[in-house]
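Heads up: the sequence lines are chains A and B, in that order.
Each residue of the first sequence is one higher than the one before, counting from 1 in this note's numbering.
Each residue of the second sequence is one higher than the one before, counting from 1001 in this note's numbering.
Even for Gly, the Cβ is constructed at its ideal location relative to N, Cα and C.
Remarks on the structure that follows.
Number of protein chains: 2
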Amino acid sequence: MSQLKNDLLLRTLRGEKTERTPVWMMRQAGRYLPDYMKLKEKYSFFERCQTPELATEITIQPVEQVGVDAAIIFSDILVVPQAMGLEVEMIEGKGPLLPHPIKNQKDLQRLCLPDVEASLGYVFDALRLTKKTLDGRVPLIGFAGAPWTLLCYMVQGKGSKTFDEAKAFCYTQPETAHRLLQMITDTTIAYLKGQAKAGADVVQIFDSWGGLLGPDDFEELSLRYIRQIVTALKDEVLTIIFAKGAWSSLEGMAATGAHGLGIDWCIRPQMARQLAGPNVTLQGNFDPAKLMSPIPVIEREVNAMMDAFKGTRHIANLGHGILPEVPVDHARAFVNAVKNF
Amino acid sequence: MSQLKNDLLLRTLRGEKTERTPVWMMRQAGRYLPDYMKLKEKYSFFERCQTPELATEITIQPVEQVGVDAAIIFSDILVVPQAMGLEVEMIEGKGPLLPHPIKNQKDLQRLCLPDVEASLGYVFDALRLTKKTLDGRVPLIGFAGAPWTLLCYMVQGKGSKTFDEAKAFCYTQPETAHRLLQMITDTTIAYLKGQAKAGADVVQIFDSWGGLLGPDDFEELSLRYIRQIVTALKDEVLTIIFAKGAWSSLEGMAATGAHGLGIDWCIRPQMARQLAGPNVTLQGNFDPAKLMSPIPVIEREVNAMMDAFKGTRHIANLGHGILPEVPVDHARAFVNAVKNF
Chain A
1 MSQLKNDLLL
11 RTLRGEKTER
21 TPVWMMRQAG
31 RYLPDYMKLK
41 EKYSFFERCQ
51 TPELATEITI
61 QPVEQVGVDA
71 AIIFSDILVV
81 PQAMGLEVEM
91 IEGKGPLLPH
101 PIKNQKDLQR
111 LCLPDVEASL
121 GYVFDALRLT
131 KKTLDGRVPL
141 IGFAGAPWTL
151 LCYMVQGKGS
161 KTFDEAKAFC
171 YTQPETAHRL
181 LQMITDTTIA
191 YLKGQAKAGA
201 DVVQIFDSWG
211 GLLGPDDFEE
221 LSLRYIRQIV
231 TALKDEVLTI
241 IFAKGAWSSL
251 EGMAATGAHG
261 LGIDWCIRPQ
271 MARQLAGPNV
281 TLQGNFDPAK
291 LMSPIPVIER
301 EVNAMMDAFK
311 GTRHIANLGH
321 GILPEVPVDH
331 ARAFVNAVKN
341 F
Chain B
1001 MSQLKNDLLL
1011 RTLRGEKTER
1021 TPVWMMRQAG
1031 RYLPDYMKLK
1041 EKYSFFERCQ
1051 TPELATEITI
1061 QPVEQVGVDA
1071 AIIFSDILVV
1081 PQAMGLEVEM
1091 IEGKGPLLPH
1101 PIKNQKDLQR
1111 LCLPDVEASL
1121 GYVFDALRLT
1131 KKTLDGRVPL
1141 IGFAGAPWTL
1151 LCYMVQGKGS
1161 KTFDEAKAFC
1171 YTQPETAHRL
1181 LQMITDTTIA
1191 YLKGQAKAGA
1201 DVVQIFDSWG
1211 GLLGPDDFEE
1221 LSLRYIRQIV
1231 TALKDEVLTI
1241 IFAKGAWSSL
1251 EGMAATGAHG
1261 LGIDWCIRPQ
1271 MARQLAGPNV
1281 TLQGNFDPAK
1291 LMSPIPVIER
1301 EVNAMMDAFK
1311 GTRHIANLGH
1321 GILPEVPVDH
1331 ARAFVNAVKN
1341 F
């Protein structure tokens, strides 16, 4: 492996002082990029994920076209339920559909603890090819969904604002829920270890629906499993937890020993720092919808964000994924404003 | 008007000591009640809203069947955009649809500042008839949507997880956005004054999408208009603000002088009290999905919630609307657990 030419992200996650703040964007390899859209028209979602050459090309596009300080492998959190034996479809314009969701203990028999090399080896291949193609330009981030967020989809069967069915499943069948969460956790640990071995410098755990749970339920249904994952990985790879909306558990997330915590735009950076304590890097927290603003407004707002984080361990990012409608030069203005701060 | 036999809600909102905590549930007049479903099968949504006899019957059902300490008038926040001249449809199983949403300054010409007696008099009639039929059993709550939440629907044209179009509208056309917010505010003040005159003892302002905004945007796009409404009303009627998810602005909301603030289950009561200060009643914050749990679990969780609020001004409620799937005896168990605490 070549020496990294830009290791700002890694040094920031380790708590070292850096010459400037690193920047990347969640969902940066995505629909706002015209070159991504061309590939999207030609290949299905799973063809793009499962063909290492396509995944690599998509992963590297924002590094070359927007100038971010890290690449994040093109994939999806639902490859894990798929590897565990659940059918997953991606419906254009509607999102994921799992036609045979988990509803009770008997349904768990349809799931397996997969051999990740056999079932998710295509992700490892994509990481290896991306790592080689990046040739040390920037670090490579791998990722997985948090067990709670994956349970949401595996039980509800599709996206939802509130995932009430998934929550009701946990409240009425707690033993089955915990068995399922443990199966997902065990699979995820093997999967993320494989990602680290294949070249991921950092792994991020996405708990997109962590914010639907109250603080006690977040501890019980989400954080205790994330903690297992972080503990299993922290000597092998740098880890970031992004539990959207779960601000009230920042202290508990910091106590896992994760190197970074993502925060969204609904919490002030000062408050997040107060809750998380000094020994973790914070990542965020620009409102993705604000990238629709005129460029001078984006620049002003980025400066305000950077000011609010100033002097603490910080990776500049959005507070959620970039929107498909964002013009590429607005994304570039965001990245450049961070770099020029 | 008869003297109120149960004025726990009003005394709690005024900060007086009461013999026990009052309890009601958001969306308590709704689909979890079989008697409501019977009326829903026979009459369209707007027939139910606009026929005072139907609205009254629906409003009183949970008082008689579940034993709540307040009635909330059966209506919808979108009657205000409708009165302002926008077409609003309720699509069964899908939610609201506004087929001609506001996209630019020119579209504002399609809106008016309505004579609320003429266009929303049916709500006032329903309040008067409900008040009379309640005959002093419990207080009557009126309500309106917050200007920001109404703008979300008026611009996006339908429900959304993130209301990105509505946010982009505000970020790219701020002057038009503020003109629209002011028109909604002026209409809402007249509307809520009319509700108070027609017999509402309390009015609640629902900012269902306040939590999509960062703290500065919440101040700019939501709270400054809510403040106008509370200021205009506070000598005429008791006021509650419920801005779901906007926990980081609890201090600012308390400073409006509102009598009560709703909170959801994602914030601990102690933290909410610390942010809101001592001079306002807190309302909430049971996770609605938890009403799917077995009754002994509901009782245990209600006790935990009551303990967490103990000794402070508190109205027991859910942190969001009751779900249609909740069995009626679970709703009753919630209410009784509060009463028996």
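- prompt: Using a Cβ-Cβ cut-off of 8 angstroms (strictly less than) and excluding sequence neighbours within five positions of Gln50(A), which residues of its own chain qualify?
  reply: Cβ within range, chain order: Tyr122.
message: Under 9 angstroms, CB to CB, which of the residues in the segment 271–284 of chain A have a partner in chain B?
response: Within the segment 271–284 of chain A, the residues whose Cβ lies closer than 9 angstroms to any Cβ of chain B are, in chain order, Met271.
- prompt: Taking DSSP as the reference, what is the three-state secondary structure of Asn1279(B)?
  reply: DSSP places Asn1279(B) in coil when its eight states are reduced to three.
Residue environment, Glu1047(B), which counts as buried when at least 16 other CB atoms sit within 10 Å: It is exposed - the Cβ of Glu1047(B) has fewer than 16 other Cβ atoms within 10 Å.
query: In the structure shown, what three-state DSSP assignment does Ile1058(B) receive?
result: Judged by DSSP in its simplified three-state form, Ile1058(B) adopts helix.
query: To which residues does DSSP link Ile1346(B) through a beta bridge?
result: Nothing about residue 1346(B) can be read from this structure; chain B reaches only from 1001 to 1341.
- request: Check each candidate in Gln1283(B), Met1271(B), Met1253(B) and name the one with the smallest Cα separation from Ile1263(B).
  value: When each option's Cα is compared against that of Ile1263(B), the closest is Gln1283(B).
query: Name the chain C residues whose beta carbon is nearer than 7 angstroms to that of Ala289(A)?
result: Annotation note: the requested chain C is absent from the structure, which comprises protein chains A and B.
- prompt: Mind checking if Met84(A) is an interface residue toward chain B, Cβ cutoff 7 angstroms exclusive?
  reply: Answer no: the Cβ-Cβ gap between Met84(A) and chain B never drops below 7 angstroms.
- prompt: Roughly how many angstroms lie between the CA atoms of Met1001(B) and Glu1117(B), to the nearest whole one?
  reply: A caution first: Met1001(B) carries a pLDDT of 48, below 50, which makes its placement in the model unreliable, though a value can still be read off. Answer to the nearest angstrom: the Cα atoms are 21 angstroms apart.
- prompt: Under 7 angstroms between C-beta atoms, does Gly1214(B) make it to chain A?
  reply: Taking 7 angstroms as the CB threshold, Gly1214(B) lines the interface with chain A.
field: Span of the alpha helix (DSSP H), counted from its first residue to its last, around Phe1124(B)
entry: Its alpha helix (DSSP H) spans residues 1116–1134.
field: is_contact[Cys49(A), chain B] using C-beta, thresh 7 angstroms
entry: When Cβ-Cβ separations below 7 angstroms define contact, Cys49(A) makes no contact with chain B.
- request: Find the residues of chain A that neighbour Leu1148(B), judging by a C-beta separation of less than 9 angstroms, and give them in chain order.
  value: Checking the displayed sequence, the identity of residue 1148(B) turns out to be Trp instead of Leu. Close partners of Trp1148(B) in chain A (Cβ separation under 9 angstroms) are lacking, with about 13 angstroms as the shortest Cβ gap.
- request: Enumerate in chain order the residues of its own chain whose CB-to-CB distance from Leu1108(B) is below 8 angstroms, with the five nearest sequence positions on each side excluded.
  value: Cβ neighbours of Leu1108(B) beyond the five flanking positions: Ile1102, Thr1176, Arg1179, Leu1180, Met1183.
field: Alpha carbon of Ile1240(B) to alpha carbon of Ala55(A), nearest angstrom
entry: Each residue's Cα considered, the two are about 51 angstroms apart.
- prompt: Can you find a C-beta in chain A that's less than 7 angstroms from the C-beta of Trp1265(B)?
  reply: Chain A contact via Cβ: present.
- request: Mark Pro376(A) as exposed unless 16 or more other C-beta atoms lie within 10 angstroms of its C-beta, in which case mark it buried.
  value: The first residue shown for chain A is 1 and the last is 341, placing residue 376(A) beyond what the model contains.
- prompt: Do you know offhand how far Ile210(A)'s Cα is from Lys1040(B)'s?
  reply: One point to set straight first is that residue 210(A) is Gly, not Ile, in the sequence displayed. Inter-residue distance for Gly210(A) and Lys1040(B) is about 34 angstroms (C-alpha atoms, whole angstroms).
query: Ser1248(B) versus chain A: which residues are under 9 angstroms apart at the beta carbon?
result: Neighbourhood of Ser1248(B) in chain A, by CB distance below 9 angstroms: Trp247, Cys266, Ile267, Arg268, Met271, in chain order.
message: Using a Cβ-Cβ distance cut-off of 7 angstroms, determine whether Met1253(B) contacts chain A.
response: So no, Met1253(B) is outside the interface.
task: Indicate whether the contact test is met: 3 or more Cβ pairs, each with one atom in the segment 1248–1263 of chain B and one in the segment 1217–1226 of chain B, closer than 8 angstroms.
output: The segment 1248–1263 of chain B, when compared against the segment 1217–1226 of chain B, does touch it at the 8 angstroms Cβ threshold.
query: Which one of Gly199(A), Thr185(A), Leu323(A), Ser75(A) has the shortest CA to CA distance from Gln3(A)?
result: By alpha-carbon distance to Gln3(A), the top candidate from Gly199(A), Thr185(A), Leu323(A), Ser75(A) is Gly199(A).
query: On the three-state DSSP scale, how would you describe Lys1038(B)?
result: Reduced to three states, the DSSP call for Lys1038(B) is helix.
message: Using only the alpha-carbon positions, how far apart do Met1154(B) and Ala1331(B) sit?
response: Between the C-alpha atoms of Met1154(B) and Ala1331(B) there is a straight-line separation of about 33 angstroms.
field: DSSP three-state assignment for Met1090(B), whether helix, strand or coil
entry: DSSP, reduced to helix, strand and coil, places Met1090(B) within a strand of the structure shown.
field: Reduced DSSP category for Phe1218(B) - H, G, I as helix; E, B as strand; rest coil
entry: Here Phe1218(B) carries a helix assignment [DSSP, helix/strand/coil].
message: Mapping the DSSP letters down to three states, classify Pro96(A) as helix, strand or coil.
response: Pro96(A) sits in a strand when the DSSP states are folded into three classes.
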